[in-house]
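Chains as they are written, first to last, in the working numbering: chain A, 60 to 643; chain B, 8 to 168; chain C, 4 to 524.
Written as structure tokens, this is what we have:
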């Protein structure tokens, strides 16, 4: 039993000595050999070297090896970076190695360290006292240290970047510009403006790496590495991503990344804001109306193509129609475009841009329409037409293809279109005919024909004028009445295949939707049925085709009546259910 | 309290001393370990770095201080004076036990224990051990005067404006 | 000696004053230490124990079996030692810790990066907590397998269970304080386990009238989310309420050890010292009086005077060597762990970003695995049933025998082995089945929650274990063996579940062979 006691005494001796060892090693490590202490000793040697004048000697004498920190309660920052970056505000430290060198540029003149700290611009873990933890790329900290070129993303918090020296915020400005140029606003919302197909980006810079899909990113998993890679290949980084990015260079991806990192809701005290930032915020609250072209570039071009020829996104199963071509712009009335902007197109990717408090004000929407009109092709003037050569065969061919469906193959008129070969029409003259062709007749199904050349128009006008006069008059002609019931049968037979038997949309767009019903008049429906939509699978039923019967004028009217009144009535009865889901 | 009967009676036989080397060594190392640990324990509450921001106060533009003027900044506990030579700042914290001094005809007086100071900070009476310190004044980038409450300067220093 | 301390007779007051001043060190030492020197006889040794406030909770003599490391493995002492370390380091951490959601995480960073020895102290606190929980678990198992809960120690067994609960409570409440992601989501889960009686009340449709779950949750959090109020509540529990309760319970626990006659041990042999290897010396001389015995042992089993060898030895110094050694051993372990492994601290708590997987500390992971089947059954019912079962053991198994001996009654060891095997096989089988085939909800998506509440892998496991125990009861005709069977099954099952949830559960609580296979999010 005394050996039991001996055993415990040996155990006590052993454990006490080992404890002593651990404590001593830990004490020595912490008090003499921590990274910052070693560095500060080196810095002191540098200070000694540079102590050539009285001030330098004083600095050297007063230098103590101690933890240093900058505490800025207003910015919620306690930054210990200065513990190792000891020479950060000593202008003599230009030729020394990091971490002792002075801060480059004149940034610190305007941002004294003790008022701003470090992390407010550079991010990273301010409280840390060693480099690995401060850099925070592979430790648990939300915002790792930004690389040098990304640091300019922090300027946006307090500055209007336009007012800063362009060289210092080159990437930020470039990213901001690219955001407009590449029409990111078509899908993404920023400051209340933009589409809703993608995520809103107002606070995207606050995201941490845990909020991004990192599975396809090589470590280190920083948000900026994610952004750069994602801008180059969205679906390759986030499987199933539908984001469409026009081809951009590495530098452009970097610039956009800087802009993304800059988009952060930060709670910066007013006393820290630059005056121009306050002006910028004021402008945000009282925006100047954008002009049509800006709107188109910022919010339309991504899908409808910068020149309006439309785009096809097979991966998304989306075909954005051409809205700059004559096929569309000739048929679509102003009211149709405005209504579409306001409500979007359900079952389509077209978002509602001009809804209440939406991206576009009423004036801006008008401006956009005006821009589309102004950019649209124009028909040759009457003088040009009269100068061109006439070809009767061409005229006849064009008449039969484009006009006969509504106006009758002899110009005698149909319930859908007024007679052309009457005496009173003849009296009105060629100028009236030209005007109708060049500009359409608003409020009717008569579209404009801007895609014809002068020769084609001349031939068509000549041919029309040469038709034998028919009895009756333009003045007494009335638009026929469609029969919704007859239209219903016809709709089931030829339209339901694409538009759905309730007009709910299948491969073709929904016709019973609120957005369509609001935008489309009966005349628009009739004109589209007759002419079809170029660039889409919608055929021209006014022309004979192998696949489709040529519809008579009455049939077209019936269809228009059904689509507007038959489906429309149904819509009113069940409006809440078919409320358009603008979005997708 | 304890029995004064010497050890080694018939009832309580003496035993071999347990002051063996092993006992002493183990007990010694135990207390050494506890001692080092205690040193660590007392080291911890000593702050290695002081919290709080640098005490650097913007007090206004030089033209706010006409020659002969003086102002107390109560939140910052600083007097700012301007005389013909320039601007200077005086701490308003009594050097005795830290109360805030008040301005009197002769200079300053502390309400707590009756210390009195002259206009240049000298002790005129009372228990204060040293003069009121004069503080460094500089100018910020925006032209405002800045009092650096952490930096003491020799009495009589003036910041020319 | 004493005579030197009195001033020479006839001296005047000034001389007396100087004399007293000269002898100040000696008189002061006498007043402080009473004995004034290292004890040299057994009487002085017993006085050293008896007259010391901190030591007098020990008896002055201790049985030689109780000192043998193989009986207790020192587990109770390890638990106590780590609690002492925890108290010291805890108070130190309180110097810098600020219990507010705004500042808590920041103060953790300060402790980690700037406070002198702060990181080390926090590591020690963390590791000691782990050691304490582990020691308490193992201590319970040791007491059970040495049948030390038997009469007259039933009550102390109950105190021990209460200590287990308080220890876990301390650990759980301490988990929230760093206010990092780990803390936030573990406590969110814990608080919702408190809320889980709603599973039952919802299924019965009586939540509107009777809502113990909501009550518990609100009581714990002070709000319906984990926020400032929850932090303060957890802080109060962690630094005041639970430690005080623990100290009181530990005091009672120790006091009962003495009252119950020291550590459990078999009756001393009457034959002679040979059974102890002949190393035992009879301490009672033929002329020993009972007066001495009264001083040596306050109450309880008194050594049979003049009737055989005395198998006890003096507490001073033998027991105290042992206690010091175990204390330092515990300190060393936590110190060594703290030296090499930092206590975790994740990103600041962010309610917008759930941790995935959000795992509780390891000792709750077995329960978390059960919770993944049904929060109410796994998080509350099964632990409650287990606790009640443990509490009943000494009252249902009342036949004496085997006290203080590992697997002391005949047949215990084989039954323990068989039960371990059974418990292991059933637990692993249940987990394998659940991982491969899912459970009721995956087959019948519309199954009522009440059914899942009653029939889930956790409840089945408990039933199977209970069935096994009953079978042992019938087969072996012994309550003790049935208890051994059940306890062993639970111990093994708990270990398997803990291991499984620690290693094989990954994001979304999916099965993975190794954490290295966890998908990058």
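Ideal placement from N, C-alpha and C gives every residue a C-beta, glycine not left out.
Contact between residue 138 of chain B and residue 130 of chain B holds, with the beta-carbon distance rounding to 6 Å and staying under 8 Å. Listed in chain order, the non-local C-beta contacts of residue 388 of chain C below 7 Å within the same chain comprise 465, local neighbours out to five positions each way being set aside.
Sixteen is the threshold: since fewer than 16 other Cβ atoms of the shown chains lie within 10 Å of the Cβ of residue 30 of chain C, the residue is exposed. By the rule that beta-carbons nearer than 7 Å mark a contact, residue 350 of chain C touches chain A. At a Cβ-Cβ threshold of 7 Å, residue 65 of chain C and residue 52 of chain C do not count as neighbours.
Per DSSP, reduced to three states, the secondary structure at residue 378 of chain A is strand. The residue among A/564, A/447, A/433 with its C-alpha nearest the C-alpha of residue 439 of chain A is A/447. Secondary structure at residue 458 of chain A: helix, using DSSP grouped into helix, strand and coil.
For residue 170 of chain A, no Cβ of chain C is located within less than 7 Å of the residue's own Cβ. DSSP, reduced to helix, strand and coil, places residue 66 of chain C within a strand of the structure shown. For residue 124 of chain C, the C-beta contacts it makes with chain B under 7 Å involve 51, in order along the chain. Three or more Cβ pairs closer than 8 Å define a contact, and the stretch 81–95 of chain C meets that threshold against the stretch 326–336 of chain C. Around the beta carbon of residue 169 of chain A, fewer than 16 other beta carbons sit within 10 angstroms, so the residue counts as exposed. Of the other Cβ atoms in all chains shown, fewer than 16 fall within 10 Å of the Cβ of residue 438 of chain C; this residue is therefore exposed. Here DSSP, grouped into helix, strand and coil, assigns residue 384 of chain C to helix. The distance from the Cβ of residue 556 of chain A to that of residue 474 of chain A is about 26 Å, inconsistent with a contact at the 8 Å cut-off.
Chain A places no beta carbon closer than 7 Å to that of residue 317 of chain C, leaving this residue out of the contacts. Residue burial is scored here from C-beta neighbours: residue 117 of chain A has fewer than 16 other C-beta atoms within 10 angstroms and is therefore classed as exposed.
Inclusion of residue 217 of chain A and residue 317 of chain A in the CB contact set at 7 Å is not warranted, their separation being larger than that value. Distance from the CA atom of residue 198 of chain C to the CA atom of residue 217 of chain C, rounded to whole angstroms, is 5 Å. With a contact defined as Cβ atoms closer than 8 Å, residue 529 of chain A and residue 493 of chain A miss out at about 21 Å. Residue-level contact by beta carbon fails for residue 309 of chain A and chain B, as no gap is shorter than 7 Å. What residue 80 of chain C touches in chain B, judged by beta-carbon distance under 7 Å, is nothing: the nearest beta carbon there is about 15 Å away. Counting every other CB atom within 10 Å of its CB across the protein chains shown gives residue 440 of chain C a total below 16, marking it as exposed. By a beta-carbon distance limit of 8 Å, residue 94 of chain B does not contact residue 124 of chain B. Their separation comes to about 19 Å. The C-beta of residue 118 of chain A comes no closer than 7 Å to any C-beta of chain B.
In chain order, 51, 52 make up the part of chain B whose C-beta sits under 7 Å from the C-beta of residue 98 of chain C. The beta carbon of residue 43 of chain B does not come within 7 Å of any beta carbon belonging to chain C, so the residue lies off that interface. When DSSP states are grouped into helix, strand and coil, residue 320 of chain A belongs to the helix group.
Residues of chain B with a Cβ closer than 8 Å to the Cβ of residue 131 of chain A are, in chain order, 60.
If you draw a straight line from the Cα of residue 435 of chain C to the Cα of residue 497 of chain C, it comes to about 16 Å.
Ranked by Cα distance from residue 368 of chain A, the options A/278, A/173, A/132, A/431 are led by A/431. Of the other Cβ atoms in all chains shown, fewer than 16 fall within 10 Å of the Cβ of residue 551 of chain A; this residue is therefore exposed. The C-alpha of residue 203 of chain C lies about 41 Å from the C-alpha of residue 300 of chain A. Using a 10 angstroms sphere on the CB of residue 316 of chain C, the tally of other CB atoms reaches 16 or more, which defines it as buried.
Under the three-state reduction of DSSP, residue 66 of chain B is assigned to strand.
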